[in-house]
Structures are given as C-alpha cells and as structure tokens.
Amino acid sequence: MPLPGFCLSDGQPLTDTTMRLRRFGPDRAPVLVVLGGISSDRRVADVGDGRPAWWPRIVRPGGPVDLNRYQVLGLDLLPGPAEERIRTLTPADQARAVAIALDHLGIPRLEAVIGASYGGMVGLAFASLFPERLKQLIAISAPHRPATHATALRGIQRRILAFGIETGRPAEAVALARELAMTTYRTPKELNLRFGQDATPEAAGQPYAVCDYLKARGRAYVPRMTAERWISLSDSLDRHRVEPKAVTVPTTLLGFTSDQLVPISDLNALAERLPNLRACVRAPSLYGHDGFLKEEAVVADLIASALAAPLSCCLSELAA
C-alpha cells in the first residue's frame, strides 16, 4: 500500500514508500492492529502457506486473539526492504504510517492495538497521537522511554553493524550483532540451565556450546535483516519518548520481571502516570524480554481478558 508524501519526523522522505500489510479474519469484524518487535513482520498468524508466523499461538481462530471474532492487521515496520539507506525514524513515525494505512482501508477506529516490545512503543505513540481512533491499548514489554542500559547495549550492536558496512562485510556484522542481541533478550539463568553443564572445548579459540547456539541464531538472522535497516530500527527504539499522561485510552500493561531491556521499574513508572490504566501485570519468566514470545499462557490470559472485559473494568484480578 503506498504512503504518498509520507515524511519522517526529521522531514526526510522515504525511498521505499510502500507499507506492506496483511489482513486476517472476517472482513466486517472489529479491527485490531497487532505489532511485534523489530524482527516481526505482517505474518502475525499462520495461514497454512508454509511461511512462519511470529505469533501463531496467540492470533488464531478460537485463540486469545480470536480470528473468528476479530479482523487483525499485521504490518511490516518501516523502513521497507527496498530502503537501502539508514533512516532516522521514531515509533511515532510508525504510528503515523499506521494511521495512513487505516485511512486507506477505510477504518476510522480500532478495537485495540496490541503491541509487544517495539510494537508496544508504537502502540503507545499511536494512543497518544490518535486517541479518537482507538478503543484500548494492550502494551507488552514496552516502556514510555528506553532504559539507558538498553540503549548502551543496542549502541554496541549498531557499531558492529556500522563496522560491517564500512568493511564490506555486512552479513557477518548482522550475524555477530544478533549474537550479542540474543544475550540481552534472554536471561543468564536460562542460558546457564541450557549450557552451564556443557564441557569446555579442548583448546582456546574453539567454541563453547552456548557460543555455537548464538552463532546459529546469528546465521539464521542474516536473510531476515539488512545492516542498514537494523541500524534504523535499533536507533528508533532509543528515540522513543511518550508522555504517559498523553495516553488517555484504556491501557493494559504486561512486563516480565527478568527483562534486561525493559526493567520492571520503568514499567511501574509508566503505570503510575497513565490516566486510564486497566491493569499492570508483572510476571516472572525464565526468558526475559522474549517472554512475550515464550510465555504464551501469561500473554494469552492477559490479552483474552482485556479484550473480553468491559472497558470500564479495571481488571483487578489480573493486576493481583
């Protein structure tokens, strides 16, 4: 879908002015927008075409996001695959692009935005910019501002990516940066349980089992992300700023107490300042920031409850 005349917050136009989206569920059903992390795409649900979806257990017929009851829009985040340059953009830019897409589709108001990680930041931005177009927000592992520690870790990843571009080895840089990123998405406890008892290699320079795992995850990421696009999206995470008092729609929050990238103290600060908070759920997890992908039961219960309950309900049973 074209985005004619769309400019980023810095005033620069995009080279790739196409937004790629996919619709799931009944045409006339209430519409939800579902957004994930910077690695997510429009394939939110499994459609049986052999291509992987990123949230198939959550978005499915009869599931927490029930495709028998709701129409779901999945979107590819900007910048698109044809954008070869590093671009300076914000979650608010993504939110404005979503609004343009809704205009194009003739959708005046959403039943909800359900956003996890970066998608939750986009959801917060959308709620602050377009409250009249949104009934409720469900934000998972998403703060109103980035944690400085998380910015530092992402900054190292961006320097790896930039070094790869400068030296003509961008694919290797993407793989290596992904290895580092994986250690921030998961927890020390999980890695210790999985690899802590493995034998040491015979000689220095040979890989440890945990390093083999990380290298495999890095190699698998190369076909999915360019160095330039990753720098753009990673930097966008660190430009995220939303004033909590500007998010006036009914909002449900979920965070994981082991999350290294979104400390639970930051989620608490957001919850305390939201004027229309329904619930703030703080859940333990072995998986840290990846809890939104791995803790399916917790995520499913939260989403199903938030969608089913009247908007006037505070969801106190979840908050407890």
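Those letters in the sequence shown? Residues 32 to 351, by our numbering.
C-beta: ideal position from N, C-alpha, C; glycine also.
Within-8 Å CB hit, residue i to chain C
i	result
Ile169	Protein chain content of the structure displayed is limited to a single chain, and chain C is not contained in it.
Inter-residue Cα distance where the pair is residue i and residue j
i	j	result
Pro254	Leu245	16 Å
Arg91	Ala335	12 Å
Leu317	Pro35	44 Å
Gly81	Ala206	24 Å
Ala337	Leu346	7 Å
Ala340	Ile117	42 Å
Ala202	Pro238	20 Å
Ala350	Cys311	Bear in mind that the predicted position of Ala350 carries a pLDDT of just 47, short of 50, making it unreliable; the figure below should be weighed with that in mind. Taking the straight line joining both Cα atoms gives about 6 Å.
Leu342	Thr182	34 Å
Ala240	Phe226	6 Å
Leu324	Leu224	19 Å
Gly199	Ala258	11 Å
Phe287	Pro174	12 Å
Assumed close pair residue i, residue j - CB separation to whole angstroms, cut-off 8 Å
i	j	result
Thr49	Pro33	6 Å
Tyr216	Gly94	No, Tyr216 and Gly94 are not in contact; Cβ-Cβ is about 24 Å, not under 8 Å.
Ile69	Ser289	That belief does not hold up - the Cβ atoms of Ile69 and Ser289 are roughly 20 Å apart, past 8 Å.
Arg140	Leu165	7 Å
Leu106	Ala76	Not quite, the Cβ-Cβ distance comes to about 13 Å (not below 8 Å), so this is no contact.
Val96	Ile89	6 Å
Member of the options whose CA lies at the smallest distance from the CA of residue i
i	options	result
Val414	Gly151, Thr231, Ala247	Lying outside 32 to 351, the shown extent of the chain, residue 414 is not represented and no answer is given.
Leu268	Asn299, Leu109, Gly105, Leu63	Leu109
Glu142	Tyr101, Ala173, Ala170	Tyr101
Ile169	Ile295, Leu333, Ser343	Leu333
Pro122	Arg270, Asn307, His135, Val96	Arg270
Asn99	Ala181, Pro57, Gly236, Glu221	Pro57
Gln43	Thr119, Leu324, Gly67, Arg59	Thr119
Ser40	Arg272, Ala230, Phe55, Thr282	Arg272
Ala193	Arg88, Arg260, Asp124	Arg260
Tyr252	Asp297, Ile262, Gly154, Ala208	Ala208
Thr179	Phe37, Val62, Arg309, Gln291	Gln291
Proximity of residue i and residue j at Cβ, strictly below 8 Å
i	j	result
Ala126	Ala147	no
Asp72	Trp86	no
Gly322	Ala331	no
Arg248	Glu210	yes
Leu284	Gly154	no
At least three beta-carbon pairs within less than 8 Å, the region 150-166 to the region 272-285: yes
Inter-stretch contact (C-beta, 8 Å, three-pair minimum) for the region 297-304 and the region 184-192: Too few Cβ pairs lie closer than 8 Å, so no.
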